[in-house]
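Novice: Before I ask anything, here is the structure I am working with.
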Amino acid sequence: LGITCVLVPSETKGVVLGRRHNPLGVPFYNCPTQGNDVVVSVDQIVGGATGAGQGWRMLMECLAAGRAISLPAQSAGGMKFITRVVSAYGAIRKQFNVEIGKFEGIEEPMARIVGETYAIEAMRIFTAGAVDSGIKPAVVSAIAKYNSTEASRRCINDGMDILGGAGISRGPRNTLAHGYMASPIGVTVEGANILTRCLIIFGQGAIRCHPFAYDEVKALQANDLAAFDKAFWGHIGFVIRNKIRATVMTLTRGYVASTPGGKFWRDYQKLAWSSASFSFLADAAMGSFGGGLKMREKITGRYADVLSWMYIATATLRRWEAEKDIHPEHADVVRWVLDHCHDQIQKGFDGIFANFEVPVVGTLFKYVVGTWSRFNILGRGPSDKLGHELCKRIMKAGSFRDSLTEGIYIPVDRNDALGRYEHTLKLTQEAGRVYKQIRSAVKQKLLPKGRAWALLDEAVNQGIIAKEDAELVRMAEAARNDAIQVDDFATDDLETNILGVDDGREVVAGNPA
């Protein structure tokens, strides 16, 4: 009858368990399940006897719901943790007597971490809401899975770059190394994101989500000419309307589109413009490539990129509308995300126009439509000034930082790596006013030039700062020095260390020696 899903208790006779996979040394409960002459009742079929042969549909629906929940949640949680770590470290670690988070080279990846963390959390909430409503969104869940795991991978890479030696030196003080090692696991689910991007998001969705294409296929299969004619001519009218709408939107840069108003009204118009162009181009691809479209994975991947970033922008706007009265301080993050989305949509369109290899149409797209698209762009990406503002705010303990990382466990134990960062960040922030007083005194030549911590006694003697202030700075500097240290081990402890456990003991095939 086909694939059948059956619930089999693990203690059933013949079921063989006990072996485990080892995905990159990360604790991830994953194992092969085997059976020898396992006998099950028909009542154990999911859905009873009528569910026999329906297993593939059940698996796809279960997958559609599951990938909308687990992997986006895992990615969002990890990205919030990285945001918390990197923002604290950027404010604690100094180079040339300046916090590294103030260097423009560090601001760029840190701003990406902040912006993408907000965007992925917005997408997670939006997608989970669909599942909670009883929908099984196959295409949308694929968008969520692909983009959340890819964003998580970009985020951990940026975090490792910012932490530098503190990121690669393993041990109890390390916060990101295990996450860095684990990042390919979520990406690999469902045959890696290559499959998700190139075959599922647009390749599967182009037919299933089209208002007429699926009806045409069903009518052909049923040899129903009347139904096919209805769907076909409806499809033709749909293409013509989309072409007119896309042309008008492009020529007016979307300004004719209606919006709900608000702070980001212009972004609603740009999304309407993107959507109109995408809809027409989707029909152009299906009409030009026909059944061969599924083999043009580079093109379908670019269509998937455009659709994904439109969805992320929509989810971001939805989150803003839901939270703007609670978190008005998120406006700059939303601005960064939307600018980034428009830029990525533009790049997706440019890739489609440059590689649409179909006679006549491809030439028109490449040299006429593509040139116009690059001239009449949707956006140029977030500005450096906006990224600077995000970094300046995320490196301060307070409501902005807390609200963007809400929902993750934040330890208070100073012996925990993140807890140590959190404690140090608060101390250095409190000591900030004392540093300013000393720097001001140096400028006024009341104190000689030098590091603030080296001028404390003289500043106290001259009445520039109080003794309590001097003690606060000493505590902050001691905490800062402790926080930036990395773990080291005796050579003998590491000679036979295969997996590199935190305390330096040898581990062979998962068994401590």
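Just so you know, the working numbering puts 636 at position 171 of the sequence shown, and the rest follows in order with no gaps. Even for Gly, the Cβ is constructed at its ideal location relative to N, Cα and C.
(1) Report back the beta-carbon spacing between Thr781 and Val799 to the nearest angstrom; my notes put them in contact at under 8 angstroms.
(2) Would you kindly work out how many angstroms separate the C-alpha atoms of Ile709 and Arg839, rounded to a whole number?
(3) Could you check where the alpha helix (DSSP H) with Met625 kicks off and where it finishes?
(4) Helix, strand or coil, according to DSSP, for Gln499 in the structure here?
(5) So, is Gln927 buried or exposed, given that buried needs 16 or more other C-beta atoms within 10 angstroms?
(6) Using a 10 Å radius around the Cβ and a threshold of 16 neighbouring Cβ atoms, would you call Glu933 buried or exposed?
(7) What span of residues does the alpha helix (DSSP H) with Pro847 cover, start to end?
(8) Can you list, in chain order, the residues of its chain with a C-beta nearer than 6 angstroms to that of Ile842? Leave out the 5 residues immediately preceding and following it.
(9) To the nearest angstrom, how far is the alpha carbon of Phe697 from that of Glu655?
(10) Just to confirm, is the Cβ distance from Thr582 to Ala609 under 8 angstroms?
(11) Taking three-plus beta-carbon pairs below 8 angstroms as touching, is the region 560-576 in contact with the region 633-641?
(12) Nearest by alpha-carbon distance to Asp748: which of Tyr733, Ala787 and Gly699 is it?
(13) Relative to the alpha-carbon of Arg484, which residue among Glu476, Thr477, Tyr494 and Gly490 has its alpha-carbon at the smallest distance?
(14) To the nearest angstrom, how far is it from the Cα of Met625 to the Cα of Met860?
(15) Nearest by alpha-carbon distance to Ser742: which of Ala955, Met544, Thr712 and Trp521 is it?
(16) Tell me where the alpha helix (DSSP H) around Met646 begins and ends.
(17) Using 10 angstroms around the beta-carbon of Ala691, count the other beta-carbons present and answer buried if the total reaches 16, otherwise exposed.
(18) In angstroms with no decimal places, state the Cα-to-Cα distance between Ser739 and Cys620.
(19) Given a cut-off of 8 angstroms on the beta-carbon distance, is the pair Thr642 and Ile633 in contact?
(20) Under 7 angstroms Cβ to Cβ from Phe546, same chain only, skipping five residues before and after it: list those, please.
(21) For a test of the three-state rule: what should DSSP assign to Lys559, helix, strand or coil?
(22) For Lys759, I'd like the list of residues in its chain whose CB is within less than 8 angstroms of its CB, leaving aside the five on either flank, ordered along the chain.
(23) By the 10 Å Cβ neighbour count, where 16 or more other Cβ atoms means buried, how is Trp730 classified, buried or exposed?
(24) Measure the beta-carbon distance from Arg589 to Ala538 and round it to whole angstroms, keeping in mind my assumption that it falls under 8 angstroms.
(25) Sort out for me which residues DSSP pairs Val471 with in a bridge.
(26) Does DSSP put Val907 in a helix, in a strand, or in coil?
(27) If you follow the alpha helix (DSSP H) that Val802 is in, where does it begin and where does it stop?
(28) Taking the straight line between their C-alpha atoms, what separation do you get for Val471 and Gly513?
(29) Going by Cα to Cα distance, which pick from Val551, Phe745 and Cys674 is closest to Gly702?
(30) Assign Val704 to one of three DSSP states: helix, strand, or coil.
(31) What's the C-alpha gap between Asp804 and Arg662?
(32) Roughly how many angstroms separate the alpha carbons of Leu466 and Trp521, rounded to a whole number?
(33) Is the separation between the beta-carbon of Arg549 and that of Ile949 shorter than 8 angstroms?
(34) Taking 6 angstroms as the limit between beta carbons, can you name the residues of its chain near Leu920, skipping five residues before and five after?
(35) Just tell me which of Ala517, Lys478 and Ile659 has its CA closest to the CA of Asn501.
(36) What does a CB cutoff of less than 6 angstroms around Ile659 pick up in its chain, not counting 5 residues either side in sequence?
Specialist: Per the coordinate set shown:
(1) 6 angstroms
(2) 20 angstroms
(3) Ala603 to Leu628
(4) strand
(5) exposed
(6) exposed
(7) No alpha helix (DSSP H) holds Pro847; DSSP gives it neither H nor E.
(8) Gln811
(9) 34 angstroms
(10) no
(11) no
(12) Gly699
(13) Tyr494
(14) 17 angstroms
(15) Thr712
(16) Ala642 to Thr653
(17) exposed
(18) 26 angstroms
(19) According to the sequence shown, residue 642 is Ala rather than Thr. Yes, these two residues count as a Cβ contact at 8 angstroms.
(20) Ile873
(21) strand
(22) Leu664, Gly668 and Thr765
(23) exposed
(24) 6 angstroms
(25) Ile510
(26) helix
(27) Ala796 to Ala819
(28) 9 angstroms
(29) Phe745
(30) helix
(31) 22 angstroms
(32) 11 angstroms
(33) no
(34) Ile903 and Leu912
(35) Lys478
(36) none
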